[in-house]
């Protein structure tokens, strides 16, 4: 078996800690690339995506902090529309800094609690 990368080890560690604290709350999962940033609210109990937002849409472009703020506001609005108010934040293997932190702060300002 090949050794896991540092990113994959961090991602598994974060996801394991979330499972113990999540209860029945959905998970706000964040993924970022060099060009885009994506956010999904996933109900792991039912195995379906409740809401999603990304920079692939027309409102935000690029993968900078401003685009992450726009995606955070969009995911909060989509969550409200779907009836979700509390989530657990799944940063994956990404550090809580820069674009990931900007998205989280914007989602909190938009009304999500985590």
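Numbering (my numbering), first residue to last: 107 to 220.
Cβ atoms here follow ideal geometry from the backbone N, Cα and C, with glycine treated the same way.
Any idea what DSSP makes of residue i, helix, strand or coil?
i, result
"residue 133", "strand"
"residue 160", "strand"
"residue 121", "helix"
"residue 152", "coil"
"residue 176", "helix"
"residue 195", "strand"
Keeping to the same chain, check which residues put their C-beta closer than 7 Å to that of residue i; ignore five residues upstream and five downstream.
i, result
"residue 161", "142, 143, 167, 168, 169, 173 and 177"
"residue 138", "169, 200, 205 and 206"
Using a Cβ-Cβ cutoff of less than 6 Å, which residues in the same chain neighbour residue i once the five nearest sequence positions on both sides are dropped?
i, result
"residue 213", "178, 181 and 182"
"residue 158", "146"
"residue 208", "171, 174 and 175"
"residue 116", "199"
Let's test the definition: count the other Cβ atoms within 10 Å of the Cβ of residue i and tell me whether it reaches 16, buried, or not, exposed.
i, result
"residue 185", "buried"
"residue 210", "buried"
"residue 223", "This structure cannot speak to residue 223, because the chain is shown only from 107 to 220."
"residue 218", "buried"
"residue 112", "exposed"
"residue 133", "buried"
"residue 127", "exposed"
"residue 125", "exposed"
"residue 131", "buried"
So residue i and residue j are supposed to be a Cβ contact under 8 Å. How far apart are they, rounded?
i, j, result
"residue 136", "residue 220", "No, residue 136 and residue 220 are not in contact; Cβ-Cβ is about 12 Å, not under 8 Å."
| field | Cβ contact check for the stretch 177 to 196 and the stretch 118 to 131: 3 or more pairs under 8 Å | value | yes
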